[in-house]
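In the numbering used here, each residue carries its 1-based index in the sequence shown increased by 388.
We put the beta carbon where it would ideally sit given N, CA and C, even for glycine.
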Amino acid sequence: MMISNPFRLRQRMQVLPGMALLLLFIFFSTGCFHITLESKEYRFDPVERQKTLAIFLPGRGGSMMDLEQEQILDIIRKRRIPVDIISVDAGLRVYIARTLLRHMETDVMPMVREGQYRNIWLIGNSMGGLGSLLYARECERNIKGIILLAPFLGDQPIIEEIKG
């Protein structure tokens, strides 16, 4: 096959990288690719599970290690609160992809059900506070309470609208 105009071939070749990026974006944003949320479990007693579990959701730039780094875990342990904790690595990507609820149900809640906890609390820091509210709204049957630490309420235009 002979190409009559080599310039047109060059134009088509320049479009291909853009098309590839678009296809990758669609692939990742539609849930065709599932990334499991990592989590870390902190047990109050290494032998016996407690009746209460707290699920920690970090802020937008944070990680599941924020529970330790921000000394939240130390505060809970110093008060001898009998609670097991799961810290979830729910970063900004799950909020952008709008997959937090699905990830909570598929990656976190099976561990919760396995532990047979009676009381489940959500602890959300910043964007994790918003995630806690969203999850509790959709799955309130599981949630006993929510602790919000500086919850993210929205970007500046939304905050200005609230201020009135």
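Query, Result
"Give me the DSSP bridge partner(s) of L536.", "G512"
"Among the residues of its own chain, which have a CB less than 7 Å from the CB of K532, if the five just before and after it don't count?", "N507, I508 and W509"
"Would you kindly report the start and end of the unbroken alpha helix (DSSP H) that includes E502?", "M497 to G503"
"Short of 7 Å in beta carbon distance, which residues of its chain neighbour F424, apart from the five on each side in sequence? Order them along the chain.", "According to the sequence shown, residue 424 is Thr rather than Phe. Answer for T424: D495, listed in chain order."
"Tell me, which residues are paired with A442 by DSSP?", "I473 and W509"
"Is DSSP giving S427 helix, strand or coil here?", "strand"
"Which residues mark the beginning and the end of the alpha helix (DSSP H) in which I463 is found?", "I460 to K466"
"Is it the case that the Cβ atoms of M452 and D472 are separated by a distance below 9 Å?", "no"
"At which residues does the alpha helix (DSSP H) containing D543 begin and terminate?", "Unbroken run through D543: none, as it is neither H nor E."
"Output yes or no for whether 9 Å exceeds the beta carbon distance between K428 and I474.", "yes"
"How is T487 classed by DSSP in three states: helix, strand or coil?", "coil"
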